[in-house]
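> Heads up: the sequence shown begins at 19 in our numbering, then just goes up one per residue.
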Amino acid sequence: MQGVGFRPFVYKLANSLGLSGYVFNSSSGVTIEVEGEELDQFLKRLENEAPTLAEIAQISVSEMTVRGDAGFSILHSREEAGEFALVPADAGTCEACWRDFGDPSNRRYGYPFTNCTHCGPRYTILRNIPYDRATTTMSSFVMCADCQAEYDNPEDRRFHAQPNACPVCGPSLALLERDSQPLFDRKNSLVVIRRTRALLGEGKIVAVKGLGGFLLACDATNESAVAELRRRKRRPHKPFALMARDLEAVQAMCEVSAADKASLLHPRRPIVVMPQRDGMELARGIAPGDRTLGVMLPYTPLHYLLFSDSPDLASEWTALVMTSGNLSEEPIVIDNEEALRHLRGVADWFLLHNRDIATRVDDSVVRTFEGAERVLRRSRGYVPQAIDLGAEMEEVLAFGGELKNTFCLTKGRYAVLSQHIGDLENYETMQFFEETLANLKHIFKVRPAAAAHDLHPNYMSTRMAMAAGIERKIGVQHHHAHIASCMAENHVRGRVLGVALDGTGFGTDGKIWGGEFLAADFADFTRRAHLRNVLLPGGDAAVRQPWRMALSYLRDTFGQKIPGDLACFRTVAEKQFALVDKMLARRFQTVETSSCGRLFDAVAALLGLAPEVTFEGQAAIALEAMAEGGIEDRYSFEIEDDEPAIIDFRPTIAAIIRDLSHGRRTSEVSACFHNTLSAAIGEVCGKIGASDGLNRVCLSGGSFQNLYLLGRTVVELRRRGFTVFLHSQVPANDGGLSLGQAVIANQRLREGD
Ligand code: ZN
Ligand code: ZN
Ligand code: FE
């Protein structure tokens, strides 16, 4: 309840009903004492008229003896031992604030740190609880008399707005070139910002300090600036996110559904991934090979001002590229010093400010499906908002997976998921994990009874769990965790049929799983079916070079007689091809895998897309982007009834080769392949559902971020009478694993095994 304008709301409500008493925030929530006539009315309006950012999890009411208070007052925040605090997430700049700092006659004109109780930084400036100015990075700024008066006045929009600031007393900007010294000058913010706009207009790359870290900005219509940013960031293909000035600008670039619009405008301000419109004037290098764009709206005053001085003026850009300020796969940079050192090879200029970022938090990413938001990366605006699990939990710490890592703490009825930490493959990311863990454990006062972890012995997250000093350790199979995660956020109990499709996860047989059909509950699972195992030649190299998977699938399908001169191998050096072929024949440096992601890689490569990739899921995204609408036919496949059943796509691979040799359009082949996979999912679920008496299906795993696949699969399953549960608040990808691990560990603790 803190930091969302709840206490002033209560104050005004109590006064308007002539009630006396008090309200205060504590680490256990909000406490209100009211006495007077209109108590029922008070309770009703408390629930119905709460401010936009306030989310009331629970209200408990008890009667007490009348104290005879005179008037209603707001008391200081208190910290209570052992309680669970609801710490506020950051909120995007509100309309009223934009009108303040966009108004030449307002004392905050052009001031980029304007905020109020409805908007502004929260989690990213929080050093401790309860959330008060003294516990934030704003503690070093002393409010001027004007700001203090606003802060003290319950009728003011800035009453107890902890980060309240103005050009007289608040943080300030500095703009500098590489290798120079910052000079912060709060009087001339607008001059600095106009100068920044001029630099962006010249095609310069500017590192902009934001809310949860630095972002790298450049003009999204400038082809050479975008190309240069890719080169310097060492990020050849992965799409860049855009920031558009307003909704109209987004609608000019993308097909925006009603649900997309709601997500774009929400104070959480995520990046929303939407279908691109044709013929936009954006640099082609923004999302090569993709038919979607990730766009967000401005969420700090500084962002608004990078477009124009005020709401009534035309903006200078259609859109700016706004990508996280880091070198590929390292955590986002938050310090000024760190930025100047670390990003000197990437940015031409630096737009710094002197309000410290306490916690690094990336931009969140969502997509919408069937009218609901589907979170792909859960960070700014969402974290540390607790997820209601609908039942009491033990205190557990789950360490998550290796890629797109998050960790999870449970307490009471809630799970707190960390922000997106990233791929745990370098020292910096592990540090980020450690610092965030220390912070959240402290804020939420969790003393974990168990450490839950993935079964993969070499995951960094597993090793960290082993070294964490928590005696009880609980290993959880990767795909079981995916399904439990989907169950947990949907409050599903009992046994379900879980379909977990992804790139990679350690199986209980030591092989790499990723095309899994499980009969599962929180306690345990049975592997009921999976994709036929094929060989993964050369470990990580097979992931970076999808053509290797194409060859593996061809050898599996045709044995020695694979069709000659396939277009997809023309770019592969003969020596390399021969080596991989030998690996497959002699089964050296190979492991078996039932991965769905690798099947996508193989088909994408056969279709001549992405023989080599630079980020996870790239080939699958290209394959989805290519799939043509309105194609209804599919290829054949076989299901081998066994324990577990085996789904055999060799007939599909053979048919794809036949289609390609007959010159069928690759866009049709891609659609047919997707159709085949969803038909197979439907058929396998039908069989297992009938034999096991299960009629609920949970879909999870990164492959279901593919909306073509998800859409067809959902239709297929519902047609067969299944109730289908999908992810929404928690990522379907490995970012959601930690939640699943936590609820499974909780169950095992309860059952005492
Ligand atoms: Zn505001
Ligand atoms: Zn001030
Ligand atoms: Fe996974």
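Where a beta carbon is used, it is the ideal one built from N, C-alpha and C, also for glycine.
Pick helix, strand or coil for residue 74, following the three-state DSSP scheme.
coil
> Helix, strand or coil: how does DSSP classify residue 66 here?
helix
> Might you give, ordered along the chain, the residues of its own chain that have their beta carbon closer than 7 Å to the beta carbon of residue 159, omitting 5 neighbours on each side?
183, 187, 188 and 189
> Please classify residue 454: does DSSP put it in a helix, a strand, or coil?
In this structure, residue 454 counts as helix in the three-state DSSP scheme.
> In terms of residues, what are the limits of the beta strand (DSSP E) holding residue 354?
Per DSSP, residue 354 lies in no beta strand (DSSP E); the unbroken alpha helix (DSSP H) holding it starts and ends at 354-360.
> Counting along the chain, where does the alpha helix (DSSP H) carrying residue 500 start and finish?
That run of the alpha helix (DSSP H) goes 496-507.
> Could you check the C-alpha separation between residue 212 and residue 206 for me, to the nearest Å?
10 Å
> DSSP puts residue 272 in a beta bridge; with which residues?
294
> Pop quiz: residue 131 and residue 373 are said to be a contact at Cβ under 8 Å. What is the actual Cβ separation, rounded to whole angstroms?
Between residue 373 and residue 131 the Cβ distance is about 7 Å, and since that is below 8 Å, they are a contact.
> Helix, strand or coil: which one does DSSP assign to residue 113?
helix
> In chain order, what residues of the same chain lie with their CB nearer than 7 Å to the CB of residue 567, ignoring the 5 residues before and after it?
Correct list, in chain order: 560, 616, 619, 620 and 623.
> Starting from residue 531, trace the beta strand (DSSP E) in both directions and tell me its first and last residue.
530-538
> CB of residue 343 to nearest heavy atom of ligand 3: below 6 Å?
no
> So which residues touch the region around ligand 5, with touch meaning a C-beta under 6 Å from any heavy atom?
Within the structure as shown, ligand 5 is missing, the only ligands being ligand 1, ligand 2 and ligand 3.
> Does the region 226-244 come close enough to the region 339-359 that 3 or more CB-CB pairs lie under 8 Å?
yes
> Is the closest heavy atom of ligand 2 to the C-beta of residue 134 under 6 Å?
no
> Where does residue 201 land, buried or exposed, given buried means 16+ other C-beta within 10 angstroms?
exposed
> Under the assumption that residue 707 contacts residue 655 (Cβ atoms under 8 Å), give the Cβ distance between them as a whole number of angstroms.
Contact flag wrong, Cβ pair sits at about 18 Å.
> Runs of 4 residues minimum, wholly inside the region 724-749: which ones carry the alpha helix (DSSP H) assignment?
725-737
> For a test of the three-state rule: what should DSSP assign to residue 548, helix, strand or coil?
strand
> Given this structure, state the Cα-to-Cα distance separating residue 93 from residue 405, to the nearest angstrom.
28 Å
> The alpha helix (DSSP H) spanning residue 600 covers which residue range?
DSSP places residue 600 in the uninterrupted alpha helix (DSSP H) bounded by 592-604.
> Given 6 Å as the limit, tell me if residue 112 has its C-beta closer than that to any heavy atom belonging to ligand 2.
No, the Cβ of residue 112 stays beyond 6 Å of every heavy atom of ligand 2.
> Who pairs with residue 236 in a beta bridge, going by DSSP?
According to DSSP, residue 236 bridges with 339.
> Sorted by chain position, which residues of the same chain lie with C-beta nearer than 6 Å to residue 677's C-beta, five sequence neighbours on each side aside?
Cβ contact annotation for residue 677 (same chain, cutoff 6 Å, sequence separation greater than five): 687, in chain order.
> CB of residue 160 to nearest heavy atom of ligand 2: below 6 Å?
no
> Can you tell which of 325, 715 and 355 has its C-alpha closest to the C-alpha of residue 781?
Because the chain here runs from 19 to 771, residue 781 falls outside it and cannot be looked at.
> Taking 7 Å as the limit between beta carbons, can you name the residues of its chain near residue 634, skipping five residues before and five after?
421 and 521
> Quick one: what's residue 42 bridged to in DSSP?
Per DSSP, 49.
> Using a 10 Å radius around the Cβ and a threshold of 16 neighbouring Cβ atoms, would you call residue 248 buried or exposed?
buried
> Counting C-beta neighbours from all protein chains within 10 Å, is the total for residue 74 16 or more, i.e. buried, or is it exposed?
exposed
> Mind checking which residues open and close the beta strand (DSSP E) that includes residue 608?
608-611
> Taking contact to mean 3 or more Cβ pairs, one atom from each stretch, closer than 8 Å, check whether the region 569-589 and the region 531-549 are in contact.
The region 569-589, when compared against the region 531-549, does not touch it at the 8 Å Cβ threshold.
> Is any heavy atom of ligand 1 found at a distance shorter than 6 Å from the C-beta of residue 137?
yes
> Beta-carbon separation of residue 673 and residue 726 under 7 Å?
no
> Is the separation between the beta-carbon of residue 38 and that of residue 90 shorter than 7 Å?
In contact: residue 38 and residue 90 (Cβ atoms closer than 7 Å).
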